[in-house]
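Colleague:
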Amino acid sequence: MSLFGGLFERRGLEDPAVPLSSPSIVSLLGGKPGTAGMSVTEKTALKFSAVFRCVKLTSAVPSALPLHVYTKRDKTKAGSTLLDEPHPELTALELWRLTYVHKGLWGNSYLQKIRNGAGQIVELWPISPDRVQVGRIRPTPTSPPQKVFTVVDDWGVTQDLSSREILHMPAMGYDGITGVSPIRCAAEGIGMGLAAEKYGAKLFGSGSLMSGILQTEQRLDKQAADALKERWQSKVGGVENAHDIAVLDSGASFESVTMPNKDTQFIESRKFQVVEVARYYGVPLVFLFETEKSTSWGTGLEQQALGWVQFDLHPDWLAPTEARITKELLAPAGLYAEYSVEGLLRGDSAARAQFYRVMREVGAYSANDIRQLENRPPVEGGDTYLQPVNMAPLGSDPDDDTPRPPEDPDDDDDDEEDE
0 MSLFGGLFER RGLEDPAVPL SSPSIVSLLG GKPGTAGMSV TEKTALKFSA VFRCVKLTSA
60 VPSALPLHVY TKRDKTKAGS TLLDEPHPEL TALELWRLTY VHKGLWGNSY LQKIRNGAGQ
120 IVELWPISPD RVQVGRIRPT PTSPPQKVFT VVDDWGVTQD LSSREILHMP AMGYDGITGV
180 SPIRCAAEGI GMGLAAEKYG AKLFGSGSLM SGILQTEQRL DKQAADALKE RWQSKVGGVE
240 NAHDIAVLDS GASFESVTMP NKDTQFIESR KFQVVEVARY YGVPLVFLFE TEKSTSWGTG
300 LEQQALGWVQ FDLHPDWLAP TEARITKELL APAGLYAEYS VEGLLRGDSA ARAQFYRVMR
360 EVGAYSANDI RQLENRPPVE GGDTYLQPVN MAPLGSDPDD DTPRPPEDPD DDDDDEEDE
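Heads up: the sequence shown begins at 0 in numbering that gives the first Met the number 0, then just goes up one per residue.
Pasting the structure below:
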């Protein structure tokens, strides 16, 4: 048995190395694996459009936001070569997007820290979560418990790495070791969505949805039936016969065929599975192009987007990444990382201009601060911070710059005694 054998045997839902057919998964999901007849894994789940869209949103949006580094002492902006160029082949956006994809599918993302001869971290290499198992080393009187990552590399070699070598970013979990995979939690629901999609494809692909049936009281052989069908098609087929009236003789009648109710129910079930997936990822339905029961544009969309950023995107995706990068990559140098959520306003020039105007008027931004956010060079005199002239103590003259000593509350008592 390996060092973590006992621990991994108890783990199930949150362990990416345990297949969905494992008995532990069966007991946690409360049913047979793949009840809908579909195999659901982190990779096959992407075939379900709702999962693909949710993972795309929760990975593309955070990775596209500006990630700045500041000094803890005076909050000034500082540079970070590691965050600007974290990988020799991938751009910073591509690396963090892949990291968020891993987190959205497996509930965990792993980056190997590559250090130089001086022990400084110079590169970050992503590791597929299905190649990693996480456990803890039993504590000793001289060492506390530590996380250990058992990693299988591309050549099949297994090695144990510590937190000094692995940057681990877990999603929501319940044991303090790893995060829970949304795909494994929603395996049955995603399986139902995939099954409904497969059923619909077979239904339409088999040609069972014929337009109607020609009936006659006479017994017809194949030649007569084909002739009747050809005659009927010539009467009603083609653009020139549109809205024309067909005349039937010899006791023939036509009965149109519609989709049975039991076959139309799969459409409703597919819509329901989209809602289920949206719940797991916290993505508003309007972002999944499901606008049947909500507004598709205007104030409603703006409020939903704002709510998504405040209640899901920031606390579930941005803030944990900021904290983990700060703790393991920047804290020793007295720095911290922070996403600039204002980058989400780049697509709305009116909202961006209003935000800059308010920040400029209250003295929070200078002209050069705004130009820097807009990727413009600084201008001479643009570092001046303005203050509204009407912001003065109550009862004072804004035009009188003469300094006055503070009033003595005991002066009134002295006047009363003199009288």
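Where a beta carbon is used, it is the ideal one built from N, C-alpha and C, also for glycine.
Model, not experiment: these values are computed from the prediction.
(1) Under a three-way DSSP split, which group does Leu89 fall into?
(2) Taking the Cβ atom as the reference point for each residue, do Ala59 and Gly106 lie within a distance shorter than 7 Å?
(3) Threshold first: 3 residues or longer. Then list the beta strand (DSSP E) segments lying entirely within the segment 125-187, N to C.
(4) Looking at the structure shown, is Gln111 part of a helix, part of a strand, or coil, going by DSSP?
(5) Could you give the distance in angstroms between the alpha-carbon of Arg278 and the alpha-carbon of His167?
(6) Could you give the first and the last residue of the continuous beta strand (DSSP E) run that contains Leu334?
(7) Could you have a look at Ala433 and say whether DSSP puts it in helix, strand or coil?
(8) Let me know the secondary structure DSSP gives Leu66 once reduced to three states.
(9) According to DSSP, is Lys221 part of a helix, a strand, or is it coil?
(10) So for Glu41, helix, strand or coil by DSSP?
(11) I want to know whether the segment 318-336 touches the segment 76-95 - three or more CB-CB distances under 8 Å.
(12) Using the Cβ count rule (16 or more neighbours within 10 Å means buried), how would you classify Val282?
(13) Among residues of its own chain, excluding the 5 on either side of Phe47, which ones have a beta-carbon nearer than 6 Å to its beta-carbon?
(14) Return the first residue and the last residue of the alpha helix (DSSP H) that Tyr384 is part of.
(15) Assuming His67 and Ser365 form a contact by the criterion Cβ under 8 Å, report the distance between their Cβ atoms to the nearest whole angstrom.
(16) If you draw a straight line from the C-alpha of Gln303 to the C-alpha of Glu360, how long is it?
(17) Could you round the C-beta distance between Val54 and Val100 to whole angstroms and report it? I think they count as a contact, below 8 Å.
(18) If you count every other CB in all the chains shown that lies within 10 Å of the CB of Arg52, and 16 or more means buried, which is it?
(19) Compute the Euclidean distance between the alpha carbons of Glu301 and Lys197, then round it to the nearest angstrom.
(20) How would you call Leu287, buried or exposed, if buried means at least 16 neighbouring beta carbons within 10 angstroms?
(21) Along the chain, where does the alpha helix (DSSP H) containing Val319 start, and where does it finish?
(22) Within the continuous alpha helix (DSSP H) that includes Thr80, where are the two ends?
(23) Assuming contact is defined by CB atoms lying nearer than 7 Å, are Arg96 and Ser62 in contact in what I supplied?
(24) Going by C-alpha distance, which of Leu64, Val378, Val50 is nearest Val308?
(25) Can you give me the Cβ contacts of Leu428 inside the same chain, cut-off strictly under 7 Å, excluding the 5 residues immediately before and after it?
(26) Select from Asp159, Pro138, Ala322 the residue whose C-alpha is nearest the C-alpha of Phe148.
(27) Report buried or exposed for Tyr173, applying the criterion of at least 16 other Cβ atoms within 10 angstroms of its Cβ.
(28) Consult DSSP for Ala117 and reduce its assignment to one of helix, strand or coil.
(29) Could you tell me if Gly116 is buried or exposed, where buried requires 16 or more neighbouring beta carbons within 10 angstroms of its beta carbon?
(30) For my contact list, Val276 and Ala185 are in at a C-beta cut-off of 8 Å; report their separation, rounded to the angstrom.
(31) If you draw a straight line from the C-alpha of Gln222 to the C-alpha of Lys201, how long is it?
(32) Which of helix, strand or coil does DSSP assign to Lys76?
(33) Return the CA-CA distance between Gln232 and Gly199, expressed in angstroms with no decimal places.
(34) Can you have a look at Pro15 and say buried or exposed, based on whether 16 or more other CB atoms are within 10 angstroms of its CB?
(35) Please classify Ser26: is it buried, with 16 or more other beta-carbons within 10 angstroms of its beta-carbon, or exposed?
(36) Could you pull out every residue in the same chain whose Cβ sits closer than 6 Å to the Cβ of Arg323, ignoring the five residues on either side in sequence?
Modeller: By the coordinates alone:
(1) coil
(2) no
(3) 131-136, 145-151, 157-161, 165-169
(4) Reduced to three states, the DSSP call for Gln111 is strand.
(5) 25 Å
(6) 334-338
(7) Summary: the structure shown does not reach residue 433, with the chain confined to residues 0 through 418, and so no result is reported for it.
(8) Correct three-state label for Leu66: strand.
(9) Helix.
(10) coil
(11) yes
(12) buried
(13) Ile189, Gly192, Leu193
(14) Per DSSP, Tyr384 lies in no alpha helix (DSSP H) segment and is marked neither H nor E.
(15) Contact flag wrong, Cβ pair sits at about 17 Å.
(16) 28 Å
(17) 6 Å
(18) buried
(19) 35 Å
(20) buried
(21) Correcting the residue type first, residue 319 is Pro in the shown sequence and not Val. It spans 318-324 - the alpha helix (DSSP H) in which Pro319 sits, taken as one unbroken run.
(22) 80-83
(23) yes
(24) Leu64
(25) Since the first residue shown for the chain is 0 and the last is 418, residue 428 is missing from the structure and cannot be characterised.
(26) The candidate whose alpha carbon is nearest that of Phe148 is Asp159.
(27) Exposed, since its Cβ has fewer than 16 Cβ neighbours within 10 Å.
(28) coil
(29) exposed
(30) Separation of the CB atoms of Val276 and Ala185 is rounded to 6 Å, and the pair is thereby assigned contact status at 8 Å.
(31) 30 Å
(32) Reduced to three states, the DSSP call for Lys76 is strand.
(33) For Gln232 and Gly199, the distance between alpha carbons rounds to 27 Å.
(34) Low per-residue confidence applies at Pro15: pLDDT is 48, beneath 50, and the placement is therefore not dependable enough to give any value.
(35) With a pLDDT of only 41 at Ser26, under the threshold of 50, the placement of this residue in the model should not be trusted; the figure read from the coordinates follows. Exposed, since its Cβ has fewer than 16 Cβ neighbours within 10 Å.
(36) Cβ within range, chain order: Met168.
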